[in-house]
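Residue numbers (the numbering used here): 21 to 238.
All C-beta atoms in this analysis are idealised placements derived from N, C-alpha and C, irrespective of residue type, glycine included.
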Ligand code: DC
């Protein structure tokens with residue numbers, strides 16, 4: 021199953037809870053891009069240099085574990101969600117060869133198990149044959165408010181105007197890139213989560229998933 025959408029649409033919380041309820045593996049593709057961006061910053065590698073970032077990736081083991089990501093065996097925790105990583109990851113995610121390598125790793129993980137994968141291109145590019153696909157959206161105001169609350173919860177002060185400008189810029193970069201742009205797959209169910217509680221979104225997606233899986237398997 022795939023869940024795509026822009027930042028702040030509620031994907032990761034929903035995907036994690038849905039995976040728990042279905043007994044599927046939760047695969048946070050954004051965390052893989054973030055771990056790589058974190059490593060680039062740590063090694064003073066330019067996040068916009070395709071050759072250097074790819075070389076770094078080829079020497080990196082990125083493992084997704086239930087509550088985060090391990091980079092070369094080290095648990096990164098909230099370090100992948102800092103404002104510095106936010107800025108670097110948008111650039112890392114533009115690099116076509118880096119994307120192709122990460123996509124190959126994402127496909128390899130999902131071959132062995134049923135997964136709920138969340139990201140930007142999972143329904144269109146990583147797993148185009150997935151049985152169930154969702155695309156979550158929300159108004160810009162709501163996405164900014166959610167992201168702000170999340171950052172404040174982690175102890176980062178945020179100026180809402182600057183955050184809004186940054187999120188619009190990230191959306192633009194995500195939508196305009198040539199490899200794996202942010203887009204709803206033609207067969208994805210599009211859900212606008214504006215004004216919805218996360219629990220209600222999870223319920224809605226869970227019910228829709230059960231119906232879809234029952235219709236496929238009957
Ligand atoms: O979902 P997130 O905010 O953790 O994603 C981090 C960054 O990685 C974001 O800039 C978009 C990018 N990304 C991507 O390009 N493709 C994915 N499948 C997942 C994330």
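Q | Spatial distance of residue 212 from residue 75 (CA atoms) | A | 39 Å
Q: Compare the Cα-Cα distances from residue 78 to each of 108, 85, 70 and report the closest residue.
A: 70
(Q) Excluding the 5 residues flanking residue 65 on each side, which residues of the same chain have their C-beta closer than 7 Å to its C-beta? (A) Only 72, 73, 76 meet the Cβ criterion.
Q | Cβ of residue 151 within 8 Å of any chain C Cβ | A | Protein chains in the displayed structure number just one, and chain C is not present.
Q: Evaluate residue 179 with the Cβ neighbour count: other Cβ atoms within 10 Å of its Cβ, from every protein chain shown; 16 or more gives buried, anything less gives exposed.
A: exposed
Q.
Measuring only from the beta carbon, is residue 113 closer than 7 Å to any heavy atom that is part of ligand 1?
A. yes
Q: Reducing DSSP to helix, strand and coil, say where residue 145 ends up.
A: helix
Q | For residue 82, the residue or residues it bridges with in DSSP | A | 91
Q) CB residue 49 to CB residue 137, shorter than 8 Å? A) yes
Q: Examine ligand 1 and report whether any of its heavy atoms sits within less than 7 Å of the Cβ of residue 229.
A: no
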